[in-house]
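The working numbering numbers the first residue of the sequence shown as 22 and each following residue consecutively.
Notes to accompany the following structure.
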Amino acid sequence: MPTKEAITVDSPTETPIMRETRKAATIAFARVFIGVFWLFEVTVGHNWKIGGFGSGVNPGWLGSGAGDAVQENIDQAVDDGTWHWVALLYENVIAEGATIFSYAVVILQVAFGLCFILGFLVRPVALIALTMDLSILFLGNSRIPPFFVAAHLLLLYTGAGRFHGLDGRIMARVQSMRGRGASAIRWLIDLPLLVSARAQSVVMAGAALAAIYFFLQMPMRETTRMNLVAMELAFLFALVAAGFYLGRRATDRLSVVAALLRVFIGVKLLHEIWVRIDPGVNALPGWAGEEAQREVFETVVANHWQPFSWVVDNLFLPSTAFWIVVFGIVQVGVGVLLVLGLWTRAAAGVGLVYLGGLSVLGMTRYAPFVFGLLVVVLALDSGRTLSLDAQRIGQRPPRYGLPIPRRAIPVLAALAAVNAVAATIAVVGSGGIAPDGYTESMGQMTTAMVAIFSALFALAGWLQLRDERGQPSLIGDTSVGDPSVPASSATDAPPPPGGTMAPAGGPAAGPAPGGRSEPVG
22 MPTKEAITVD
32 SPTETPIMRE
42 TRKAATIAFA
52 RVFIGVFWLF
62 EVTVGHNWKI
72 GGFGSGVNPG
82 WLGSGAGDAV
92 QENIDQAVDD
102 GTWHWVALLY
112 ENVIAEGATI
122 FSYAVVILQV
132 AFGLCFILGF
142 LVRPVALIAL
152 TMDLSILFLG
162 NSRIPPFFVA
172 AHLLLLYTGA
182 GRFHGLDGRI
192 MARVQSMRGR
202 GASAIRWLID
212 LPLLVSARAQ
222 SVVMAGAALA
232 AIYFFLQMPM
242 RETTRMNLVA
252 MELAFLFALV
262 AAGFYLGRRA
272 TDRLSVVAAL
282 LRVFIGVKLL
292 HEIWVRIDPG
302 VNALPGWAGE
312 EAQREVFETV
322 VANHWQPFSW
332 VVDNLFLPST
342 AFWIVVFGIV
352 QVGVGVLLVL
362 GLWTRAAAGV
372 GLVYLGGLSV
382 LGMTRYAPFV
392 FGLLVVVLAL
402 DSGRTLSLDA
412 QRIGQRPPRY
422 GLPIPRRAIP
432 VLAALAAVNA
442 VAATIAVVGS
452 GGIAPDGYTE
462 SMGQMTTAMV
472 AIFSALFALA
482 GWLQLRDERG
492 QPSLIGDTSV
502 GDPSVPASSA
512 TDAPPPPGGT
522 MAPAGGPAAG
532 PAPGGRSEPV
542 G
């Protein structure tokens with residue numbers, strides 16, 4: 022007998038259009054978030070290149086020393102024991118044109134950020150970005166690149182440029198046009214490479230075999246660094262294979278993608294306390310000894326702004342052992358609940374408070390990446406599929422979006438502006454933000470992160486409110502149907518069984534029997 026929670030009744034205060042517009046705002050949030058973080062990374066992040074705020078360019082990437090960083094990374098990867106076939110490619114192709122590749126990498130990473138922010142050619146750009154993600158992983162970098170992989174897969178699947186992006190506006194203009202030019206534009210935006218079931222099966226099988234290969238390769242790597250890379254690749258390819266397999270059998274395929282993102286974030290939280298146990302301002306609190314965590318707190322006290330350093334000095338340092346236990350319980354608890362899909366919304370909420378607190382305390386390298394994707398996990402209601410929550414919530418409509426009240430939007434915008442001004446004043450007064458300066462520029466980095474996320478939340482709240490009032494989108498039209506269906510096919514093909522779809526900027530079509538397979542991205 023169904024429980025009370027399992028009875029599906031649309032709330033009188035929430036219409037299907039409201040749910041769809043909140044979903045669109047969430048996907049736009051994810052797209053702009055990863056675009057901003059690409060620009061942050063290439064200017065003042067750990068792998069900075071063009072610099073910013075008074076730092077000048079990275080001489081290993083640009084200028085007379087262009088190509089030096091590429092060669093150094095290749096040499097390090099080979100010394101660390103990267104795969105032989107990868108080393109052959111690096112040494113015989115990329116190293117031979119290190120200067121050209123250096124400039125190409127810089128241009129591409131800046132382009133990633135701008136295209137994602139504007140929502141322009143998101144699918145092809147995300148596919149190119151995934152290729153770069155893999156090349157960075159094979160160099161031995163396994164901490165931050167997996168987050169970019171997860172985000173790029175999400176953008177690729179959803180065609181995120183069609184949600185408040187330029188892709189949506191362009192598709193609305195060329196949707197009814199005829200001719201090769203219009204067809205080419207529609208194809209480029211949709212990138213319908215995996216429309217057929219056979220193509221999906223080939224990619225699914227390839228991803229599964231890659232996951233097995235890298236899993237079996239873990240004990241064969243020469244260094245811990247490459248062991249971690251093999252583990253990340255096995256996990257990511259396994260998620261891709263699972264996504265294709267489950268997505269072909271689901272009526273709500275976005276719920277499958279959201280569930281896999283939820284599992285990914287849960288595993289990463291557990292990874293940071295069970296595998297990478299050493300804490301740091303560029304990491305999360307691990308499960309190391311009291312002395313190691315005390316060193317992190319002392320670093321915050323020495324480098325952060327008041328009153329943050331005062332809080333750490335007076336509340337955290339005297340009780341370091343206690344906070345190690347608190348951090349461990351919260352991080353493990355949230356990670357386990359996300360993996361299982363149990364009390365998902367509550368776990369995501371606690372995780373956001375935890376990660377937000379760590380970011381404000383100065384841990385601005387790793388925590389913000391997890392925070393941003395966890396926002397998406399919450400806003401896409403990711404506990405509806407592949408979860409223990411699924412039995413409890415039954416077939417209720419998804420609760421998309423972020424609970425941002427109308428009155429909070431100007432407050433968030435003001436908070437973003439105030440922090441941006443504060444960061445600017447601090448940068449001018451100190452002579453600039455030190456690239457990769459998560460310690461020496463801790464105050465500026467923290468203020469920048471607060472400004473970024475305040476602006477992102479204000480944007481998401483405004484988009485939700487604006488669309489619910491029936492007003493035009495911010496920088497494009499909103500596709501409100503199944504995002505994985507090519508918009509250009511909406512006029513000449515029925516939707517997949519149990520699904521809905523809409524051309525960019527148009528109303529959602531109702532479900533119809535039959536139809537062809539959709540690209541999963």
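All residues carry an ideal CB built from backbone N, CA and C; glycine is no exception.
Residue burial classification, residue i (beta-carbon count within 10 angstroms, cutoff 16)
{"i": "S123", "result": "buried"}
{"i": "A342", "result": "exposed"}
{"i": "A437", "result": "buried"}
{"i": "Q485", "result": "buried"}
{"i": "S380", "result": "buried"}
{"i": "W59", "result": "buried"}
{"i": "T244", "result": "exposed"}
{"i": "N79", "result": "buried"}
{"i": "P431", "result": "exposed"}
{"i": "T152", "result": "exposed"}
{"i": "A205", "result": "exposed"}
{"i": "T435", "result": "Note that residue 435 is Ala in the sequence shown, not Thr. By the neighbour-count rule (16 or more Cβ atoms within 10 Å), A435 is not buried but exposed."}
{"i": "S408", "result": "buried"}
{"i": "H292", "result": "buried"}
{"i": "R428", "result": "exposed"}
{"i": "W106", "result": "exposed"}
Three-state secondary structure assigned by DSSP to residue i
{"i": "F337", "result": "helix"}
{"i": "F133", "result": "helix"}
{"i": "G520", "result": "In this prediction, G520 scores a pLDDT of 34, lower than 50, which makes its location untrustworthy; no coordinate-derived value is stated."}
{"i": "F285", "result": "helix"}
{"i": "F184", "result": "strand"}
{"i": "F343", "result": "helix"}
{"i": "T365", "result": "helix"}
{"i": "I38", "result": "helix"}
{"i": "R428", "result": "coil"}
{"i": "G56", "result": "helix"}
{"i": "S505", "result": "Any answer about S505 is weak, because its pLDDT of 44 lies below 50 and its placement is not dependable; what the coordinates show is given next. Of the three classes helix, strand and coil, the one that applies to S505 here is coil, per DSSP."}
{"i": "D154", "result": "helix"}
{"i": "I414", "result": "helix"}
{"i": "W331", "result": "helix"}
{"i": "Y178", "result": "helix"}
{"i": "E26", "result": "Confidence at E26 is low in this model, with a pLDDT of 37, below 50, so the placement of that residue should be treated as unreliable; the coordinate-derived value is given next. It is helical."}
{"i": "W69", "result": "coil"}
{"i": "G482", "result": "helix"}
{"i": "L436", "result": "helix"}
{"i": "H105", "result": "helix"}
{"i": "D7", "result": "There is simply no residue 7 to check, as the chain begins at 22 and stops at 542 in what is shown."}
{"i": "A255", "result": "helix"}
{"i": "Y421", "result": "coil"}
Presumed contact (8 Å Cβ cut-off) between residue i and residue j, rounded CB distance
{"i": "L257", "j": "V170", "result": "6 Å"}
{"i": "L401", "j": "T47", "result": "6 Å"}
{"i": "D101", "j": "G161", "result": "5 Å"}
{"i": "A231", "j": "F265", "result": "Their Cβ separation, rounded to whole angstroms, is 12 Å, which puts A231 and F265 out of contact at 8 Å."}
{"i": "R315", "j": "L338", "result": "7 Å"}
{"i": "F141", "j": "L187", "result": "4 Å"}
{"i": "L176", "j": "A147", "result": "4 Å"}
{"i": "D299", "j": "A279", "result": "About 31 Å separates the two Cβ atoms, so there is no contact after all."}
Spatial neighbours of residue i in its chain, beta-carbon cut-off 8 Å, leaving aside the 5 residues before and after
{"i": "L359", "result": "R283, V284, I286, G287, L290, T365, A368, A369, G372, V398"}
Cβ shell of residue i (< 6 Å), same chain only, five flanking positions each side left out
{"i": "T36", "result": "none"}
{"i": "A181", "result": "I48, R52, V143"}
{"i": "L67", "result": "Position check: residue 67 holds His in this sequence, whereas Leu was assumed. Answer for H67: D457, listed in chain order."}
{"i": "V471", "result": "N440"}
{"i": "G86", "result": "P80"}
{"i": "S475", "result": "L433, L436, A437"}
{"i": "S494", "result": "Model confidence at S494 stands at a pLDDT of 45, short of 50, so the residue's coordinates are unreliable and nothing is read from them."}
{"i": "A108", "result": "V99"}
{"i": "A469", "result": "A444"}
{"i": "G134", "result": "G56, W59, L60"}
{"i": "W344", "result": "F337"}
Residues near residue i by beta carbon distance below 7 Å, same chain, minus five either side
{"i": "A388", "result": "L305, L376, L379, S380"}
{"i": "A262", "result": "M225, A228, A229, A232"}
{"i": "G301", "result": "V317"}
{"i": "F54", "result": "G393, L477"}
{"i": "R405", "result": "S276, A411, I414, P419"}
{"i": "M252", "result": "M239"}
(Q) Under 8 Å: do the stretch 316 to 323 and the stretch 351 to 369 share three or more Cβ pairs, one atom per stretch? (A) no
Q. Counting Cβ pairs closer than 8 Å, one from the stretch 197 to 215 and one from the stretch 53 to 65, do we hit at least three?
A. no
Q.
Whether or not the stretch 37 to 46 and the stretch 410 to 427 are in contact is what I'm after, with contact meaning three or more pairs of Cβ atoms, one per stretch, closer than 8 Å; do they touch?
A. yes
Q) Given 8 Å as the limit, is there contact between the stretch 123 to 133 and the stretch 85 to 94, that is, 3 or more CB pairs closer than that? A) yes
Q.
Under 8 Å: do the stretch 272 to 279 and the stretch 151 to 159 share three or more Cβ pairs, one atom per stretch?
A. no
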